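Just below is one structure, and these are the notes that go with it.
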Amino acid sequence: MERVQKLKDAGIIRRIGVVFEPKKLNYTSTLCGVHVDEEKLMAVVDVINRHTGVTHNYEREGDLNLWFTIITDNAKEIDTFIEDLERRFLLKIYRFPKREFLK
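Following this note's numbering, the numbering of the sequence shown begins with 434 at its first residue and continues without gaps.
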């Protein structure tokens, strides 16, 4: 524990958390990519980050400059969330559902 704390203090370990297999818990997840204009980026990021099912949210270079992963216990919740984001911010969000677990 002492060694782990030192690695955390040094910034080598950022976070320790649980990783579970969503399918075994009857959860569903989707990777999403979207182009967001710079002037709306932080507003979109804020809304995405408020959803408790969002596990990752990254700004990237390229046309799809914002990528996030969302996991919930039903696909309808994901659909509703994404559709709301699209309407609210006039976006086209591309969905990339997991096809195969490779890790």
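Glycine residues also receive a C-beta, built at the ideal position from the N, C-alpha and C atoms.
Since we're looking at a predicted model, the values are computed, not measured.
With contacts defined by Cβ atoms closer than 9 Å, L458 and T502 do not form a contacting pair. Excluding sequence positions up to five before and after P530, its CB lies within less than 7 Å of the CB of T463, all in the same chain and listed in chain order. Only residues of its own chain outside the window of five on either side were considered, and among them W500, F501 and T502 have a CB closer than 8 Å to the CB of H489, listed in chain order.
Here the stretch 466-478 makes contact with the stretch 516-529; the two share three or more CB pairs at distances below 8 Å.
Ranked by how close their Cα comes to the Cα of H484, the residues I511, L440 and G450 have I511 in first place. I515 and I504 do not touch by the CB rule: their CB atoms are close to 13 Å apart, not below 8 Å. Counting only residues of its own chain and dropping the five nearest sequence neighbours on each side, V477 has a CB closer than 6 Å to the CB of V469 and F522.
Bridge pairing for N490: F501 [DSSP]. Rounded to the nearest whole angstrom, the C-alpha separation of V451 and E494 is 29 Å.
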